[in-house]
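**Q** Here you go, one structure.
Numbering (mature numbering (1 follows the signal peptide of the UniProt record, and there is no 0)), first residue to last: -24 to -1, 1 to 494.
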């Protein structure tokens, strides 16, 4: 955010806070009440926005007995739109937002969003299902939104199964095995075309900052570095402040220098991450386990009857000494926060929470995550959803409305992980096999999961100074891997993060963690 935009945002927060304070002092005055039969939302969009009169929206409204109005914002523009919205006088009743986003934290702490910490027990479907995840999604122990459930562990490696067989190697269990496979995929002609035109590991230009589940973060955790933040010598420190962070990146730099990683790792569009794997250029991807199904889709859709022989799924790797540290996730992705500007009274809040509680039932989550049973999907084996009527354009619109939009309003999972709705599994034994393998790997890796110990808190200096220094570490990491700076230069950049406000962030983070309820 530019300096001028930050000033406008802060001014907007101050104006909003003053308005809220005045409203509270006067009991709301003559302010117009919101329509109790209409709930407004703002959410991310990943395709074409649904028509308000569309089949799926009509089904959701019929189920709720209320109208819904959704401002759909393309994902790439969402953060910018959220900043502008927070500084405006037109915030929808419910917004999908990253609860740790600095602008949101500042607005919430200033009174712009309802504190739900002590309000959810009376709504049976809104009570947090997992205490750790609820704490992870909180702001210093306060709940400002309903977290959207995701698995606590979904890190994995997807490997070209046919390439493994071609070079005569087993699935990796350690980082040393991984290196050996990457080298073989680069040097032993796994595609059989007689040319040295393949590489082992595929990494894209990562859109997030440090500790945002990038392949780099996962590898660093394998080496024993904290997952974002972890305990060292009696206090919590950022993972890049550890020797293991340096060792992991030296190991990865060696792979890059030897040509075992795609040469465009710093520029490859993350939206095209699957292409080198599918096209036979690269052999391994470190990401979430559901990517394995995306890759099965690509081979199946081109008519490859042996598509199941192309994709293998492997879990987190042990270090050279046999110790294993598995990369854990937050357990959530964004929250549904309720604006005090649009929802001004306890009665209005109760109306909104009752609506969200109904959406959080199985029937509501099925509508949001799966669609309309018998129209675009059918239930198989009592627990999975299979797509139907896929050649009908009207049905395809229903399915697109689920995938591109309405699943963003769900809180109890996604169509990929299921939750209380149905997990979508295409027909075909390879999908069922890889799903079974996924469940097995998750269960095993949870035993060695490393969690980000600072997730529950947001330091004041993180809000004020974090945006200015957040790019220092990921940028320095890329410079080190590319050879633009050496190890001393990397350490100097880490010190620059500290000098720019990081030292204060560390101190405040430790203080806030110490104050959390035990």
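Yeah, the Cβ is synthetic: ideal placement off N, Cα and C, and Gly gets one too. Quick caveat: nothing in here was measured; it's all calculated off a predicted structure.
Tell me the start and end of each unbroken beta strand (DSSP E) in the stretch 121 to 189 that is at least 3 residues and wholly inside, in chain order.
**A** 122 to 125, 131 to 136, 175 to 178
**Q** Going residue by residue through the stretch 302 to 373, where are the continuous beta strand (DSSP E) segments of at least 3 residues, counting only ones entirely within it?
**A** The qualifying runs are 308 to 314, 353 to 356, 360 to 363.
**Q** Which residue marks the beginning of the alpha helix (DSSP H) containing residue 390, and which one marks its end?
**A** No alpha helix (DSSP H) contains residue 390, which DSSP labels as neither H nor E.
**Q** So what's residue 118 in DSSP terms, helix, strand or just coil?
**A** strand
**Q** I'd like to check one pair, residue 269 with residue 261: are the Cβ atoms closer than 9 Å?
**A** no
**Q** Please report the Cβ distance between residue 265 and residue 145, rounded to the nearest whole angstrom; I am assuming they are in contact, meaning their Cβ atoms lie under 8 Å.
**A** So it is not a contact: roughly 21 Å between Cβ atoms.
**Q** Check whether the Cβ atoms of residue 185 and residue 303 lie closer than 9 Å to each other.
**A** no
**Q** What are the start and end residues of the alpha helix (DSSP H) that includes residue 60?
**A** Its alpha helix (DSSP H) spans residues 54 to 62.
**Q** With contact counted as at least three CB pairs below 8 Å, one residue from each stretch, are the stretch 234 to 252 and the stretch 372 to 379 in contact?
**A** At 8 Å Cβ cutoff, the stretches do not touch.
**Q** What does residue 50 pair with, by DSSP beta-bridge criteria?
**A** Per DSSP, 21.
**Q** Using CA coordinates, which residue listed in 88, 233, 288 is at the minimum distance from residue 138?
**A** 288
**Q** So residue 120 and residue 84 are supposed to be a Cβ contact under 8 Å. How far apart are they, rounded?
**A** 4 Å
**Q** Can you tell me whether DSSP reads residue 199 as helix, strand or coil?
**A** coil
**Q** Quick one: is residue 422 buried, meaning 16 or more other Cβ sit within 10 Å of its Cβ, or exposed?
**A** exposed
**Q** Once DSSP output is grouped into helix, strand and coil, what is the label at residue 262?
**A** strand
**Q** With residue 71 and residue 18 assumed to form a contact (beta carbons below 8 Å), what rounded beta-carbon distance in angstroms separates them?
**A** 5 Å
**Q** Less than 9 Å between the beta carbons of residue 67 and residue 382, yes or no?
**A** Not a contact, by the Cβ cut-off of 9 Å.
**Q** Express the C-alpha separation of residue 310 and residue 115 in angstroms, rounding to a whole number.
**A** The straight-line gap from Cα to Cα measures roughly 13 Å.
**Q** Does the separation of the CB atoms of residue 308 and residue 124 fall below 9 Å?
**A** yes
**Q** Among residues of its own chain, excluding the 5 on either side of residue -21, which ones have a beta-carbon nearer than 7 Å to its beta-carbon?
**A** Residue placement at residue -21 cannot be trusted, given a pLDDT of 41 that sits under 50; what the coordinates show is reported in the next sentence. Within the same chain, residue -21 has no close Cβ partners at all.
**Q** Do you know offhand how far residue 406's Cα is from residue 283's?
**A** Our two residues, residue 406 and residue 283, have alpha carbons roughly 8 Å apart in a direct line.
**Q** Rounding to the nearest angstrom, what Cα-Cα distance links residue 175 and residue 230 in this structure?
**A** 14 Å
**Q** Roughly how many angstroms lie between the CA atoms of residue 434 and residue 127, to the nearest whole one?
**A** 22 Å
**Q** Ordered along the chain, which non-local residues of its own chain (more than five positions away) have a Cβ less than 6 Å from that of residue 104?
**A** 110
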